[in-house]
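Chemist: Sharing a structure, written as structure tokens. Questions coming.
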Amino acid sequence: MALGDTLLNQLRKNAEKNGDTPTTTSGLKSKAAMIISIFAAIFSVNAFIGSQLSSSILNNTIKANDIYSFYQAKSIKQTMAEYAQEDAVRAGDKKRGEELQVRINRYESDPVTGEGKRELLAQAKHIEADRDLAKKKSPWIGIAGSVMQIAIVLLTASILSSGALMFYGGLSAMSIALVLMSQGLFLWF
């Protein structure tokens, strides 16, 4: 506790040397308090976006795995039908061979139900693309959230110490956080 008091006293002395008077520091404190409220709201939005991205990554991974499992089941059924068709052709059962060929073709592609292997593979690739986009955005949003927290801490410390340097440091940190957040939303670079 003594170390903290010593640091605060030193910061107050430095503020007085720099010409920060009680009137300017009270203005700084009220500005900082208002800005902290705004930054906290922005941080809440950032946290919400981050959680949405995490959910999207998880849900799309599960959906893609389900579709690939269904694709695999279709492949197994198609292979079994191909063996049965070969047996029917060898046995001379032309009608059964044609029925099985229709079934084999439907396993390969069924645009009516969207459950053919080609359609399933396209669905899985689309879901994976959405997941990969969320994976690219997520780190930027996470880093922005961390920098926002640092900005809020600096602004809070500026209130306690009446230090303009911490106040402007908090504003600078938030500016960086907003750039990072916009990168996470729009992938500028």
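Numbering (the working numbering) for the sequence shown: 676 to 864.
For glycine and all other residues, C-beta sits at the position ideal for the given N, C-alpha and C.
Keep in mind that this is a model prediction, so the values were computed, not measured.
1. Using only alpha-carbon positions, find the residue among Gly791, Met849, Lys688 that is nearest to Val819.
2. In whole angstroms, what separates the C-alpha of Phe745 from that of Ala739?
3. Going straight from the alpha carbon of Gly789 to that of Ser750, what length do you get?
4. Taking Met823 as the reference, give the member of Leu853, Ala799, Ser729 with the closest Cα.
5. Would you identify the three-state DSSP class for Trp815, choosing helix, strand or coil?
6. Which parts of the region 786-834 are runs of the beta strand (DSSP E), unbroken and 3 residues or longer, counting only runs that do not cross its ends?
7. Return the residue from the list His801, Leu829, Ala839 that minimises the CA-CA distance to Lys688.
Modeler: Judging by the given coordinates:
1. Contrary to the premise, residue 819 reads as Ala rather than Val in this sequence. Considering only alpha carbons, the answer is Met849.
2. 10 Å
3. 15 Å
4. Leu853
5. helix
6. none
7. Ala839
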